[in-house]
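Okay, so the sequence shown: first residue is 366 according to this note's numbering, each after it adds one.
For every residue, glycine included, the Cβ atom is placed at its ideal position computed from N, Cα and C.
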Amino acid sequence: MFSNTAVQNIRQGRQYFRVFNPPQLGSAEDWLNPKFWQQENAVVGQSKGRNTVWFVSDGHREFVLRHYYRGGLPGRLLTDQFIFTGIENTRSIAEFNLLLQMDVQNLPVPKPVAAMVCRSGMIYRASILIERIAGAQDVFQMLCSSALNAASWYQIGAMIGAFHGAGIYHSDLNCHNILWQETKGEGKPWLIDFDRCEVRQGHKWKSENIARLKRSLEKEQRLQPEFYWQESDWQTLLQGYQASNNAD
366 MFSNTAVQNI RQGRQYFRVF NPPQLGSAED WLNPKFWQQE NAVVGQSKGR NTVWFVSDGH
426 REFVLRHYYR GGLPGRLLTD QFIFTGIENT RSIAEFNLLL QMDVQNLPVP KPVAAMVCRS
486 GMIYRASILI ERIAGAQDVF QMLCSSALNA ASWYQIGAMI GAFHGAGIYH SDLNCHNILW
546 QETKGEGKPW LIDFDRCEVR QGHKWKSENI ARLKRSLEKE QRLQPEFYWQ ESDWQTLLQG
606 YQASNNAD
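Right, here's the structure in full:
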């Protein structure tokens with residue numbers, strides 16, 4: 366497990382915060398509130414999918430602020446409300462803990478910064494703040510404009526192998542959740558969005574997990590007018606996965 370010497374737990378009324386290496390601006394209550402960042406003119410972007418994700422900056426680092434919402438039919442009724450069964454079981458704290466554990470293992474994930482749980486009886490709402498990967502772009506966006514070379518696919522496969530070797534199950538492994546970062550002419554893949562992800566034992570789940578990624582690539586290939594991916598890319602990814610020292 367990770368060392369929690371730098372982790373702070375803060376209670377403010379109905380709100381519970383877990384903090385690690387926080388922003389140099391505001392307080393715990395501020396960090397998880399989009400209105401605070403707007404008032405500080407510190408919003409540097411946003412992603413408007415089904416729900417808005419905010420990109421914010423304290424002048425030194427950039428962060429991603431995400432509120433947790435339900436999906437499917439329950440989401441139409443409860444929207445952002447979840448049943449409270451213990452603080453460590455909440456969506457934001459569980460993701461925060463897993464991110465910190467993976468960061469200690471030197472896996473390529475964004476660093477957690479702060480997590481919030483606001484409880485009302487047996488119901489809670491939650492948000493999380495994580496560091497933004499500088500200069501990174503998701504693989505889906507990249508493939509809509511150009512192809513990745515074989516070395517990049519090999520690296521992506523090796524990265525997934527490292528996660529699987531560490532027993533990390535990603536519940537939504539797809540091309541939108543893989544980022545590619547170019548730094549000084551060198552590329553590096555990252556994996557993001559660890560909501561409802563977990564550490565698993567055994568090996569049976571690994572083949573289905575990586576098959577999920579292939580289905581996402583095949584789906585986007587059908588849906589997008591231009592999508593630069595082909596079967597040979599997948600075979601190269603598998604070579605990287607199988608060659609990863611941690612994949613077996």
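{"Asked": "Neighbourhood of asparagine 542 by C-beta distance below 6 Å, restricted to the same chain and skipping five residues each side", "Found": "Ile557 and Asp558"}
{"Asked": "Leucine 513 vs aspartate 598 beta-carbon contact at 8 Å", "Found": "yes"}
{"Asked": "Leucine 513, DSSP secondary structure in three states", "Found": "coil"}
{"Asked": "Per-residue DSSP class, three states only, for isoleucine 521", "Found": "helix"}
{"Asked": "Alpha-carbon spacing of serine 572 relative to phenylalanine 461, whole angstroms", "Found": "26 Å"}
{"Asked": "Lysine 584 versus tyrosine 606: straight-line alpha-carbon distance, rounded", "Found": "21 Å"}
{"Asked": "Supposed contact pair proline 475 and leucine 464 - C-beta distance, whole angstroms, cut 8 Å", "Found": "7 Å"}
{"Asked": "Cβ neighbours of glutamine 502 in the same chain (closer than 7 Å, five flanking residues each side left out)", "Found": "Leu544 and Trp545"}
{"Asked": "Limits of the unbroken alpha helix (DSSP H) element including alanine 393", "Found": "393-396"}
{"Asked": "Same chain only: Cβ atoms within 7 Å of isoleucine 375, ignoring 5 sequence neighbours per side", "Found": "Phe382, Val384 and Ala393"}
{"Asked": "Close-in-space but distant-in-sequence residues of the same chain around alanine 515 (CB under 6 Å, 5 per side omitted)", "Found": "Thr601"}
{"Asked": "Closest Cα partner of tyrosine 593 within the set His535, Arg561, Ala523 and Ser511", "Found": "Ser511"}
{"Asked": "Serine 609 versus glycine 526: straight-line alpha-carbon distance, rounded", "Found": "6 Å"}
{"Asked": "Segment limits, beta strand (DSSP E) that includes phenylalanine 382", "Found": "380-385"}
{"Asked": "Segment limits, alpha helix (DSSP H) that includes serine 422", "Found": "No alpha helix (DSSP H) contains serine 422, which is instead part of the beta strand (DSSP E) from 417-422."}
{"Asked": "Straight-line Cα distance separating glutamine 604 from glutamine 446", "Found": "42 Å"}
{"Asked": "For alanine 480, three-class secondary structure by DSSP", "Found": "strand"}
{"Asked": "Local conformation of isoleucine 448 per DSSP, three classes", "Found": "strand"}
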